[in-house]
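Only one structure is covered here, and it is reproduced in the block below.
The following block contains the structure:
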């Protein structure tokens, strides 16, 4: 309790139905954990408390903070529903994304709709939770549901749709409330005991999943239905002064007070191409960590400020991050992309896994199996050193499962993060690069979409989320013309830089071409 | 048996490395130089690992040799004097660790030596989840050195972990711009598992003996070669049986089986003195202290050299000499001696090459010539000047301009301007 500020403490000791608006870096998770501890200390039975988080990771983190012996239930909506399934039902649940894709493909074939798998999955999902009744979506969902029925399985959406809570709680907390959808809200309501209280935590300005059915006006609905009181945390511990001033200017009702004394730095870089953008980032990262090889070591900053894990490159869409990814790899700077580092994702890796998992292989040596694949050395080269140390396949498969759980990245690894704006939520870094901030790509309105007020607002929230990840250095990069969002932002403390070196180089190249 | 050992070098899969750093060239040049145990380098690189698997085969326990189908042809092209030299490979890699520890960014290079492909493969699998092993034979990993040490120890009981060129300012355990003040600070509780450190080109054992905290470590030397000609520019001398465990044991214990090291004159290293290369400013530790370690020309911070850094951490005086110590043989590469003696600028010039080959064919490998051959025999096989130069080198009677801020130092046998004595004068004198 001593480590809380006045606003945080106020939330911890307040009772009744509450909304806690918690801006970036205001210590939301910490405050929520303190609140749970406070309740338990004040003799509330742990089994009467439920905390719902948006991701498994967030739940795990909170559990870790509260300690292992806590019996308090902290989970996600899906996690909660899953607990109630019988073992047989659990086996019927489709948990594998690849398997779901097979069903979706089949449904697409049957309905002859021209959608990619991702879009199809999204539409089916929206349809199931009642967020769309568009004709194509309905017929696709119908075909898909029939396929599931024939197979005798259910998916994650069905899991929530069928969920009838057996137990009610006196205290229900919902974290990241801005990302919940109406179905989840209904479930929340059904979880509260008659005299219970609901307290929701979140930030409407960080709602970035409306395309998945999340609705940020749930705050208002909840406020009315539960006569909830609004509290706010507005002291931030994340971003330095200049960055906080800049990000506050996104919203009139946002006025976070930073508790940091450092000024920090924001650069707004105009550069001619994706390539020059990537070069700029690579050079800057080298300076940040104090050089990665002897060739550039003596030109680096006097004091390197950051290791690789303190750096993130954030983009609106994967295609905007591709060039920078290549350049970073080429410069031997270690990076992480969710799920993207694994040697098992490529052709040889997949073929190997498939063969290794077939029956009667467990006793064989991995190198034998690799040999049986009859693939050229170039393709299997990366697997060989990996497989060398296993005597048999079962040893290998055991270790593979552990690797997979960690997304093929060692938790100790210290890497530059490459993230989409969506994936960056909840994270923070000393240095953040946001790339592709030209008007064409920010807001990113796709061809078949209309540029509605609603869509623009969501895009702006994404930019807000991305820029509020930065602690000390925020570097925004764009090709002309810049995003129109910047027209209304406070750029007073922003250092505007034209990447002259890159422009000159480009000019030289075009002159050479002319000659 | 006496074994000359060079554990630290790079394959052509490493950045800024000559394309001739393939197993065949390393084999031939190893024989020419007189190295007996040579590191493969870069075993974390998948393509190099494959080459190792395909071209090498197990020899004595934990050691590898080039398969006969490759070595046969190579041997044919070597002079008889060195054709039967013993040449074995040992699995090694250098990792560049960049990470934060105690709130500061550290950049530390470490050499890992393992007894088997299995152990190497264990390390590769672990490191693959930490970073990209494909883009550089010397991978850069965001991994604490202590964690790399733990992985090394896990890979096999016999695996060795050696902090590389410990005094280099930018990338080393004791580096002024990158490292720590003690082995314990760098490796915590696990410091006890480190038995040896590499002194690097910029320091020699005498400089390192000024630190009592290094007394318990074996000081090893390696070439860190990026091209075949530079193999063995520094090396360790062992006297033990031919097996990985004997070699590891000699290095780990530093007992009488570890005889000593072959050394560069440390002043020749790129970071011996302090200075600022862009302004051409070179200073001794004392001189740089007088200007507050700022470049008198441009005011920027000087890059403080190894000599300065050692003085900072040393608890013994500049001229400290242990009563009893390992052998330290200073050498100047034969090609450089020949270039100087023949007044040719480049040590890769044709004249130099032919004289070099002539000496090797007559007397054997380079290390034998530099360290052991009878001076008279050198004079017979080459000429008086060369013999005199080698004799001067053995007596450490050389002219030195220290290196600084990435600029190699100059080591000449004869002081510039001092006319190299002609054959005639030499013969009159002798």
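Protein chains in written order, with the working numbering: chain A, 1 to 515; chain B, 516 to 945.
Ideal Cβ positions, reconstructed from N, Cα and C, are used throughout, including at glycine.
Counting every other CB atom within 10 Å of its CB across the protein chains shown gives residue 448 of chain A a total below 16, marking it as exposed.
Only residues of its own chain outside the window of five on either side were considered, and among them 239, 464, 467 and 468 have a CB closer than 7 Å to the CB of residue 247 of chain A, listed in chain order.
For residue 52 of chain A, the secondary structure class from DSSP, reduced to helix, strand or coil, is strand. In this chain, the beta strand (DSSP E) harbouring residue 267 of chain A covers 265-270. Distances from the alpha-carbon of residue 31 of chain A to those of A:233, A:208, A:365 and A:194 put A:233 closest.
Between the alpha carbons of residue 915 of chain B and residue 851 of chain B lies a distance of about 14 Å. Of all residues in the stretch 377-401 of chain A, those with a C-beta nearer than 7 Å to a C-beta of chain B are 377, 381, 382, 384, 385, 386, 388 and 389, reading in chain order. The Cβ atoms of residue 335 of chain A and residue 477 of chain A do not sit closer than 7 Å to each other. Fewer than three Cβ pairs drawn from the stretch 581-590 of chain B and the stretch 658-674 of chain B lie within less than 8 Å of each other, which leaves the two stretches out of contact. In the three-state reduction of the DSSP assignment, residue 678 of chain B falls in the strand class.
Look at residue 711 of chain B here: in three-state DSSP terms it is strand. Contact check for residue 456 of chain A and residue 229 of chain A: beta-carbon distance about 31 Å, past the 8 Å limit, so the pair fails to qualify. Taken in chain order, the complete alpha helix (DSSP H) segments of 4 or more residues contained in the stretch 67-142 of chain A are 77-83, 87-92, 97-111 and 117-128. Around the beta carbon of residue 515 of chain A, fewer than 16 other beta carbons lie within 10 angstroms, which makes this residue exposed. Under the three-state reduction of DSSP output, residue 20 of chain A falls in the strand class. Of all residues in the stretch 681-715 of chain B, those with a C-beta nearer than 9 Å to a C-beta of chain A are 683, 684, 685, 686, 692 and 693, reading in chain order. Close partners of residue 330 of chain A in chain B (Cβ separation under 9 Å): 650. Using a Cβ distance threshold of 7 Å, residue 73 of chain A and residue 50 of chain A count as a contacting pair. As computed with DSSP, residue 791 of chain B is found in a beta bridge with B:796. Think of a sphere of 8 Å around the beta carbon of residue 824 of chain B: no beta carbon from chain A falls inside it, the nearest being about 15 Å out. In this structure, the CA atom of residue 43 of chain A is about 19 Å from the CA atom of residue 10 of chain A. Here DSSP, grouped into helix, strand and coil, assigns residue 402 of chain A to helix.
The continuous stretches of alpha helix (DSSP H) do not include residue 388 of chain A, and DSSP gives it neither H nor E. In this model, residue 634 of chain B and residue 628 of chain B are separated by some 10 Å (Cα to Cα).
In the structure shown, residue 776 of chain B falls within a strand segment according to DSSP collapsed to helix, strand and coil. DSSP lists A:18 as the beta-bridge partner residues of residue 229 of chain A.
Beyond the five residues adjoining it in sequence on each side, residue 603 of chain B comes within less than 8 Å, by CB distance, of 551, 552, 553, 574, 575, 578, 579, 580 and 757 in the same chain, given in chain order. Nearest neighbour of residue 640 of chain B by Cα position, chosen from B:596, B:560 and B:595, turns out to be B:560. In this structure residue 753 of chain B is not in contact with residue 763 of chain B, their Cβ atoms being roughly 10 Å apart against a cut-off of 8 Å. Assignment of beta-bridge partners to residue 656 of chain B by DSSP yields B:612. Judged by DSSP in its simplified three-state form, residue 336 of chain A adopts strand. Put simply, the backbone Cα of residue 481 of chain A is about 21 Å away from that of residue 313 of chain A. Going by beta carbons, residue 23 of chain A and residue 203 of chain A fall inside the 7 Å limit.
The contact set of residue 343 of chain A on chain B, defined by CB atoms closer than 8 Å, consists of 643 in chain order. Only residues of its own chain outside the window of five on either side were considered, and among them 101, 104 and 105 have a CB closer than 7 Å to the CB of residue 117 of chain A, listed in chain order. Using beta-carbon distances, residue 434 of chain A does not count as an interface residue toward chain B, since no partner is under 7 Å.
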